[in-house]
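Protein chains in written order, with our numbering: chain A, 16 to 291; chain B, 194 to 620; chain C, 33 to 324.
These notes concern the structure reproduced below.
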Amino acid sequence: MKKNSINFKNFLIVLILVWTLFPFYWMLVTSIKPNSELYNPQANPFLVQNPTSEHFRYLLGKTGFSTWFKNSLIVSLTATLITLVSSLLAAYSLSRLRFRGSSFWGMLVFIAYLVPPTLLFIPLSQVVSSLGLGDTLFALILTYPTFLVPFCTWMLMSYFSSIPFELEESALMDGASRFQILSRIILPLSLPAVVTVTLFSFTLSWGEMIYALSFISASFNKTLPVGIRSELVRGDVFYWGPLMGAALLASVPVIVIYSFLTDYYISGLTAGSVKY
Amino acid sequence: MFGRKFWLVIVLALCLVLGISGFVWGQEVTLLLNSHFVKTHETELTRQAEEWAASRGVKVRLDFITDWDLEAKVTSEAQAGAGHDIVALRDFVAYIYQDILWDVTEVVKDIQTDNGMVTNVAKISDLIGDRWMAIPWYHQSFPLVYRKDYVEAVGYSIEAMNDLNTDTFLELAQKLHELGHPVGFPISMCPDSNLSLAPFLWGFGGSLFGKDNAITVVSDKTAKALNYMVELSKYMPPEVTGWDNSGNNLFIFSGVGAVTANPPSVYATALQQGLDFAQEIYHAPFPSGPEGRFRCTGMWSLGIPKYAKNKDLAIDLVKYLMKRENFESLVIASEGYNQPVYEGYQDISIWRETPTLNAYEPVVETLFPAGWPGPEASPSRAAVRAQLLYTMPVMFGKAVTGEETIDGAMKWAEAELKRFMAEEENK
Amino acid sequence: MKLFKNEEEKQAYIFLIPAAIILLLLIGYPFIYGVFLSFTNARVGSSGTWVGLTNFYRLLKSSVFHQVLYNSLVFTAASIVLKFIIGLPVAILIEKLGRFSKFVRGTILLPWVVPTSLSALAWWWMFNPNFSVLNWIIKNIGFQAGVPWLSDPKVAMFSVILVNVWRGIPFFAISLLAGLVAIDKEFYEAADTEGAKGWQKFIYITLPLLKPVIAVVLLFSTLMTISEFNIIYILTGGGPMYGTHLLATLAYQEGIATGDISRGAAISIFLFPVLLVASYFQLRIVRQGVQR
Numbered sequence: 016m017k018k019n020s021i022n023f024k025n026f027l028i029v030l031i032l033v034w035t036l037f038p039f040y041w042m043l044v045t046s047i048k049p050n051s052e053l054y055n056p057q058a059n060p061f062l063v064q065n066p067t068s069e070h071f072r073y074l075l076g077k078t079g080f081s082t083w084f085k086n087s088l089i090v091s092l093t094a095t096l097i098t099l100v101s102s103l104l105a106a107y108s109l110s111r112l113r114f115r116g117s118s119f120w121g122m123l124v125f126i127a128y129l130v131p132p133t134l135l136f137i138p139l140s141q142v143v144s145s146l147g148l149g150d151t152l153f154a155l156i157l158t159y160p161t162f163l164v165p166f167c168t169w170m171l172m173s174y175f176s177s178i179p180f181e182l183e184e185s186a187l188m189d190g191a192s193r194f195q196i197l198s199r200i201i202l203p204l205s206l207p208a209v210v211t212v213t214l215f216s217f218t219l220s221w222g223e224m225i226y227a228l229s230f231i232s233a234s235f236n237k238t239l240p241v242g243i244r245s246e247l248v249r250g251d252v253f254y255w256g257p258l259m260g261a262a263l264l265a266s267v268p269v270i271v272i273y274s275f276l277t278d279y280y281i282s283g284l285t286a287g288s289v290k291y
Numbered sequence: 194m195f196g197r198k199f200w201l202v203i204v205l206a207l208c209l210v211l212g213i214s215g216f217v218w219g220q221e222v223t224l225l226l227n228s229h230f231v232k233t234h235e236t237e238l239t240r241q242a243e244e245w246a247a248s249r250g251v252k253v254r255l256d257f258i259t260d261w262d263l264e265a266k267v268t269s270e271a272q273a274g275a276g277h278d279i280v281a282l283r284d285f286v287a288y289i290y291q292d293i294l295w296d297v298t299e300v301v302k303d304i305q306t307d308n309g310m311v312t313n314v315a316k317i318s319d320l321i322g323d324r325w326m327a328i329p330w331y332h333q334s335f336p337l338v339y340r341k342d343y344v345e346a347v348g349y350s351i352e353a354m355n356d357l358n359t360d361t362f363l364e365l366a367q368k369l370h371e372l373g374h375p376v377g378f379p380i381s382m383c384p385d386s387n388l389s390l391a392p393f394l395w396g397f398g399g400s401l402f403g404k405d406n407a408i409t410v411v412s413d414k415t416a417k418a419l420n421y422m423v424e425l426s427k428y429m430p431p432e433v434t435g436w437d438n439s440g441n442n443l444f445i446f447s448g449v450g451a452v453t454a455n456p457p458s459v460y461a462t463a464l465q466q467g468l469d470f471a472q473e474i475y476h477a478p479f480p481s482g483p484e485g486r487f488r489c490t491g492m493w494s495l496g497i498p499k500y501a502k503n504k505d506l507a508i509d510l511v512k513y514l515m516k517r518e519n520f521e522s523l524v525i526a527s528e529g530y531n532q533p534v535y536e537g538y539q540d541i542s543i544w545r546e547t548p549t550l551n552a553y554e555p556v557v558e559t560l561f562p563a564g565w566p567g568p569e570a571s572p573s574r575a576a577v578r579a580q581l582l583y584t585m586p587v588m589f590g591k592a593v594t595g596e597e598t599i600d601g602a603m604k605w606a607e608a609e610l611k612r613f614m615a616e617e618e619n620k
Numbered sequence: 033m034k035l036f037k038n039e040e041e042k043q044a045y046i047f048l049i050p051a052a053i054i055l056l057l058l059i060g061y062p063f064i065y066g067v068f069l070s071f072t073n074a075r076v077g078s079s080g081t082w083v084g085l086t087n088f089y090r091l092l093k094s095s096v097f098h099q100v101l102y103n104s105l106v107f108t109a110a111s112i113v114l115k116f117i118i119g120l121p122v123a124i125l126i127e128k129l130g131r132f133s134k135f136v137r138g139t140i141l142l143p144w145v146v147p148t149s150l151s152a153l154a155w156w157w158m159f160n161p162n163f164s165v166l167n168w169i170i171k172n173i174g175f176q177a178g179v180p181w182l183s184d185p186k187v188a189m190f191s192v193i194l195v196n197v198w199r200g201i202p203f204f205a206i207s208l209l210a211g212l213v214a215i216d217k218e219f220y221e222a223a224d225t226e227g228a229k230g231w232q233k234f235i236y237i238t239l240p241l242l243k244p245v246i247a248v249v250l251l252f253s254t255l256m257t258i259s260e261f262n263i264i265y266i267l268t269g270g271g272p273m274y275g276t277h278l279l280a281t282l283a284y285q286e287g288i289a290t291g292d293i294s295r296g297a298a299i300s301i302f303l304f305p306v307l308l309v310a311s312y313f314q315l316r317i318v319r320q321g322v323q324r
């Protein structure tokens with residue numbers, strides 16, 4: 016009886032893993048299958064008779080993939096940096112300091128999170144151009160924090176709130192400045208949340224598509240999602256092999272970073288939900 | 194841990210990014226263009242542009258984006274007041290961008306002096322009142338494209354294919370369906386669908402708009418067209434209602450499909466990829482309906498927006514690209530895909546010399562650009578909106594899937610068109 | 033006159049400066065401008081004139097908009113319900129796993145971690161009408177025809193919900209798992225001594241104690257699901273026949289692709305009240321946690 020339930024459990028787990036990983040597996044299979052096998056509706060799609068690197072070679076050699084990769088990296092890292100700094104400072108202020116207007120600003124932060132990107136899209140393009148930043152990576156670096164900061168601030172706030180005030184009080188009595196308290200006490204204690212927030216910001220920036228599609232048009236300024244979609248999805252014909260290869264390669268950095276920091280990610284993610 | 198060094202690093206990182214973020218020295222003329230379906234076209238076009246740039250001592254930059262994102266991009270640039278010097282404009286979208294484009298009447302006059310008069314389809318797309326708002330460039334029409342071996346197997350020769358009407362086409366569709374290699378036209382929210390269904394609509398005398406922008410979609414003739422498509426769809430694979438622009442191409446590439454409507458990109462790609470049935474791909478004029486034989490085309494023009502920084506250079510570049518030898522090179526680089534819109538280009542020989550392209554160019558049907566509201570109608574913003582929101586394909590789709598009755602589908606379309614007109618009047 | 037009450041207040045505002053710049057200049061100002069736009073008839077290239085509520089009035093009369101509202105409701109409700117009723121058992125399963133739980137926990141988060149602008153491409157290929165691997169499997173099991181994943185409006189809605197659920201289950205599962213793990217085992221032990229059965233323990237102990245976590249997760253997910261864009265845009269573009277258009281994608285198509293900026297803005301605004309209500313409740317829970 017016990018054995019059956021263990022087997023059933025294992026079966027379920029395997030099912031869940033297959034469900035979770037299949038699309039990634041499929042990206043991989045498609046990216047190494049030659050065109051003659053890919054576009055043959057009779058063939059068994061799971062078999063790859065002549066695995067080929069032609070799609071990756073095309074991707075890396077004949078498209079702007081490496082440029083887009085570099086751009087995505089620059090944009091994601093810098094936007095994350097800006098977001099981190101802004102959110103850390105704001106979260107500390109809103110959750111640890113008593114001042115008039117703190118509820119108001121807290122509410123503002125949260126409302127800002129609600130404003131959908133498709134509403135901000137047009138007016139934002141105006142702001143970006145009037146600052147002379149149209150069609151530059153800086154346009155993205157400036158606009159990405161708009162959807163990152165509110166969320167990150169909120170998440171950090173809820174994490175900060177679990178840190179006992181006594182630590183601060185004793186530091187204050189020793190003459191520490193607020194900034195020192197933030198850097199030397201709060202931050203180290205909130206490392207999981209900081210890691211999570213960094214991961215989230217990086218991943219969301221990495222995968223952002225609509226602003227990038229609208230603000231950037233020069234090929235050498237494109238980020239990965241836009242480059243992949245505009246160059247490998249051309250008019251009539253899609254290049255499915257390179258397209259899947261690109262989707263896979265573009266996902267790799269995110270997956271790698273995540274796999275090294277899984278525990279931080281998970282504990283940060285759930286800290287938000289479970290603290291109550 | 195987060196002391197001075199930390200902040201120093203951040204400041205340095207920001208400076209690095211500012212430096213890298215695309216700062217260009219010198220004058221650069223920029224073009225926003227649609228990704229061409231035949232990639233060799235883009236290579237050749239880039240070469241020509243750079244040749245021009247070198248001779249003028251400036252730089253040039255061509256940005257190719259997916260064509261269905263093009264309007265969104267131009268809109269953003271217009272709102273922001275900054276962007277490319279030359280933009281590719283499809284069909285008659287110049288109508289919605291009139292306010293932000295330069296009047297290029299003089300430019301078109303000059304080009305016509307060298308290359309002959311523009312053809313009708315170009316004129317109706319870019320001549321607004323008596324001002325040219327964009328410079329016609331080329332068009333890419335949608336004749337029938339078919340597998341010669343499949344249609345021959347059911348008894349249709351090339352001559353027969355060149356002279357189809359809606360009745361004989363329906364018979365052909367039924368036979369091909371039995372053969373297992375059916376016909377297929379997209380009935381979905383994609384540009385190809387607008388281009389494939391319009392000739393059927395017009396062939397029966399149906400239309401979206403009529404004279405003086407009257408909304409004519411609810412009529413017996415439109416109903417006939419809808420009924421026809423409902424019949425025809427019985428012989429088409431059900432997934433045509435979900436096709437995107439690549440659906441009909443993949444349909445032929447997979448070896449399954451026998452007939453669809455497309456410019457020769459299927460032929461060109463099959464040729465360039467060395468597929469074994471490339472030589473079996475032929476083109477034929479669209480079937481004629483009771484009220485005429487029509488074909489729909491993707492008309493491409495070049496516009497110079499008012500926010501362009503290098504207006505004079507842009508005009509110079511456009512004139513350069515319109516020169517006979519340059520246009521001819523583009524046609525050849527695209528394997529005959531680009532069709533001429535100036536009478537002087539119509540003698541380019543590739544279309545006569547390649548048998549499969551004989552029916553592609555010259556165009557024997559009455560030709561209109563994609564999204565054209567109706568054979569009697571004139572362009573309007575409302576029509577452009579209907580084109581970009583795929584009102585006509587959705588109407589057909591509702592009838593074909595049975596989601597609405599024929600009458601219901603027409604009334605739905607009418608309500609949509611009414612709202613587009615209302616919005617247009619509001620301006 | 034002193035601007036700040038005390039040093040603490042002054043510091044608080046100084047710390048707020050970077051976030052405030054972003055909030056006011058890059059969210060606040062564009063938002064107000066966007067709201068203003070929705071009351072005009074602005075379109076590409078012309079700033080138009082004030083028309084008051086005309087855009088909204090037109091939207092409410094438009095059958096396409098009704099359909100999109102309906103789609104948004106169906107999409108959001110179905111996705112969230114599915115994510116919950118699949119996520120909870122998955123969480124329970126992982127909790128009981130023991131040895132492999134860490135590996136499984138890490139792996140199942142992948143759909144959540146990888147951006148949808150990339151993973152949706154894989155699903156797009158998997159749903160391809162001519163070459164779908166899913167249809168190949170289905171046909172080989174013995175069914176006559178494959179599923180019209182993206183070409184039938186109702187099935188297409190199912191498909192986009194499927195992808196959203198695939199992407200969203202990990203978030204539910206992991207959060208609920210954390211909640212489960214946090215429940216004090218003593219409760220269960222006490223119940224055992226009273227002879228409680230499995231399902232009774234679940235209903236009377238597990239669920240009530242999970243309520244706060246469930247509430248947060250549900251509300252958070254609602255916010256994200258309602259404003260979904262990438263999945264629809266990549267898989268269907270809103271079709272077939274407007275069958276999968278959501279508010280965000282419609283706003284993009286009408287506002288940007290056709291240049292009707294004011295109408296696009298009006299459509300986007302419709303999202304706002306719902307999000308406001310949902311987030312109000314979420315904020316209350318957050319605030320309750322912060323006040324100690």
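By construction, the Cβ of each residue, glycine as well, lies at the ideal position given by its N, Cα and C atoms.
- Counting along the chain, K368(B) sits inside the alpha helix (DSSP H) bounded by residues T359 to L372.
- Using a CB distance below 8 Å, the part of the segment 225 to 242 of chain B facing chain A consists of L225, N227, S228, H229, F230 and K232, ordered along the chain.
- DSSP lists H332(B) as the bridge partner or partners of M492(B).
- Looking only at F397(B), G450(B) and D319(B), the smallest Cα-Cα distance to Y428(B) is reached by G450(B).
- Looking at the DSSP output, Q532(B) bridges to H332(B).
- Distance from the CA of L394(B) to the CA of A366(B), rounded to the nearest whole angstrom, comes to 18 Å.
- In chain order, F47 make up the part of chain C whose C-beta sits under 7 Å from the C-beta of Y107(A).
- With 16 or more other CB atoms across the displayed protein chains lying within 10 angstroms of its CB, K417(B) is buried.
- Burial of I193(C) is indicated by the presence of at least 16 other C-beta atoms within 10 angstroms of its C-beta.
- Counting other Cβ atoms within 10 Å of its Cβ, F61(A) stays below 16 and is therefore classed as exposed.
- In this structure, E264(B) is the residue among A246(B), E264(B) and G491(B) with its C-alpha nearest to the C-alpha of T290(C).
- Between the C-alpha atoms of I112(C) and L251(C) there is a straight-line separation of about 10 Å.
- Among the bridge pairs identified by DSSP, S481(B) is matched with N358(B).
- Proximity to S94(C) across E270(B), E618(B), R612(B) and V301(B) peaks at R612(B), based on C-alpha coordinates.
- By DSSP's assignment, L255(B) forms a beta bridge with L224(B).
- Using a CB distance cut-off of 9 Å, Y280(A) counts as an interface residue toward chain C.
- For the 9 Å CB-CB criterion, W221(A) and S87(A) form a contact.
- Within the segment 604 to 616 of chain B, the residues whose Cβ lies closer than 8 Å to some Cβ of chain C are W605, A608, E609, R612, A615 and E616, listed in chain order.
- Nearest CB-CB separation between F71(A) and chain C: not below the 9 Å threshold.
- Residues of the segment 19 to 32 of chain A with a Cβ closer than 7 Å to any Cβ of chain C, in chain order: K24, L27, I28, I31 and L32.
- A Cβ-Cβ distance of about 17 Å is found for the pair L142(C) and T285(A), leaving them out of contact under the 8 Å criterion.
- Leaving aside the five residues that flank W255(A) on each side, the residues in its chain whose CB is nearer than 7 Å to its CB run, in chain order, T45 and L53.
- Judged by DSSP secondary structure, Y339(B) falls outside any alpha helix (DSSP H) and instead within the beta strand (DSSP E) spanning L337 to R340.
- With respect to chain C, the C-beta atom of D437(B) has a partner C-beta closer than 9 Å.
- Taking a beta-carbon distance threshold of 9 Å, G149(A) counts as an interface residue toward chain B.
- Checking the DSSP bridge columns, you'll see R199(C) has no partner listed.
- The continuous beta strand (DSSP E) containing L560(B) extends over residues T559 to P562.
- Minimum Cα-Cα distance from E221(B) among the listed residues R240(B), A246(B) and L337(B) corresponds to A246(B).
- Nearest C-alpha to T409(B) among G567(B), T359(B), C383(B) and E484(B): G567(B).
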